[in-house]
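Chemist:
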């Protein structure tokens with residue numbers, strides 16, 4: 001494990017980063033591994049999603065929180081063991097929210113990273129499962145450490161609990 005370092009992600013918003021600073025990431029076409037997970041929606045995301053989709057169709061409540069609904073997909077790859085994936089995953093392997101609206105919920109931006117909240121600080125690691133399943137790791141020159149603002153939306157610092165391990 002790499003020595004954790006403190007990084008200013010947004011003005012006045014620091015994170016403790018504990019992953020290889022040379023790690024690169026770029027989404028790979030048709031790699032929809034991250035889309036098999038339930039997407040927790042923060043209040044900020046619910047407002048953004050409501051402007052782009054019908055919340056009654058697209059969301060569900062679990063653990064007392066709102067999530068993007070998962071549904072059965074006609075895909076054999078990158079769906080959960082139950083054959084389901086994110087409501088917005090299209091047959092073309094693209095996210096309808098990102099492709100049609102150039103928008104995605106905060107939790108989607110964070111992948112393949114994982115946010116922990118410890119001692120009042122945001123700590124960032126790479127999801128354990130990403131090492132095995134995420135095809136976008138180390139395939140480009142886009143260093144994650146240099147682009148943390150794209151992965152970690154500023155809204156995370158205003159949340160009571162920005163943990164990202166909460167799943168549907």
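In the numbering used here, the protein residues as written are 1 to 168. Backbone N, C-alpha and C define an ideal beta-carbon position, used for all residues, glycine too.
Can you tell me which of the three DSSP states residue 98 falls into?
Modeler: Stepping through the chain shown from its first residue, residue 98 is reached at position 98. Here residue 98 sits in helix by DSSP.
Chemist: Note down, one range per segment and in chain order, each beta strand (DSSP E) of at least 3 residues found wholly within the region 18-72.
Modeler: Listed in chain order, they are 59-62, 65-68 and 70-72.
Chemist: Between the region 6-14 and the region 45-63, do three or more beta carbon pairs fall short of 8 Å?
Modeler: Not touching, per the Cβ criterion.
Chemist: Assess contact between the region 21-38 and the region 48-59, defined as three or more Cβ pairs (one per stretch) separated by less than 8 Å. Is contact present?
Modeler: No: fewer than three Cβ pairs fall under 8 Å.
Chemist: When you compare only the Cα positions, how much space is there between residue 60 and residue 121?
Modeler: By one-based count along the chain shown, residue 60 stands at place 60. By one-based count along the chain shown, residue 121 stands at place 121. Between residue 60 and residue 121, the C-alpha separation is close to 29 Å.
Chemist: Suppose contacts are defined by Cβ-Cβ distances below 7 Å. Is residue 68 in contact with residue 86 by that definition?
Modeler: Looking up residue 68 in the chain shown gives position 68. Looking up residue 86 in the chain shown gives position 86. Result yes, Cβ atoms of residue 68 and residue 86 sit closer than 7 Å.
Chemist: Helix, strand or coil for residue 144, going by three-state DSSP, please let me know.
Modeler: Sequence index remark: in the chain shown, residue 144 carries index 144 (1-based). In the structure shown, residue 144 sits in coil (DSSP, three-state: anything other than H, G, I, E or B).
Chemist: Among 134, 145, 138 and 113, which residue has its Cα nearest to the Cα of residue 165?
Modeler: Here the question's residue 165 lines up with position 165 in the chain shown. It is 113.
Chemist: Label residue 64 either buried or exposed according to how many other C-beta atoms from any shown protein chain fall within 10 Å of its C-beta, with 16 as the threshold for buried.
Modeler: Mapped onto the chain shown, residue 64 falls at position 64. Answer is exposed; the Cβ neighbour count stays below 16.
Chemist: Measuring straight from C-alpha to C-alpha, what distance separates residue 160 and residue 18?
Modeler: Here residue 160 refers to the residue found at position 160 when the chain shown is read from its first residue. Here residue 18 refers to the residue found at position 18 when the chain shown is read from its first residue. Approximately 21 Å between the Cα atoms of the pair.
Chemist: What residue range is occupied by the uninterrupted beta strand (DSSP E) comprising residue 126?
Modeler: Start at 1 with the first residue of the chain shown, and residue 126 comes out as number 126. Unbroken beta strand (DSSP E) run through residue 126: 121-126.
Chemist: Please go through the same chain and pick out, in chain order, the residues whose beta-carbon is closer than 7 Å to the beta-carbon of residue 154, but skip the five residues on each side of it.
Modeler: As a working mapping, residue 154 is identified with position 154 in the chain shown. The residues are 10 and 13.
Chemist: In whole angstroms, what is the alpha-carbon distance linking residue 39 and residue 148?
Modeler: Taking the first residue of the chain shown as 1, we reach residue 39 at position 39. Taking the first residue of the chain shown as 1, we reach residue 148 at position 148. Spanning the two alpha carbons is a distance of roughly 20 Å.
Chemist: Locate the alpha helix (DSSP H) running through residue 108, then write down its first and last residues.
Modeler: To locate residue 108, count along the chain shown from 1; it is residue 108. Counting along the chain, the alpha helix (DSSP H) containing residue 108 begins and ends at 106-110.
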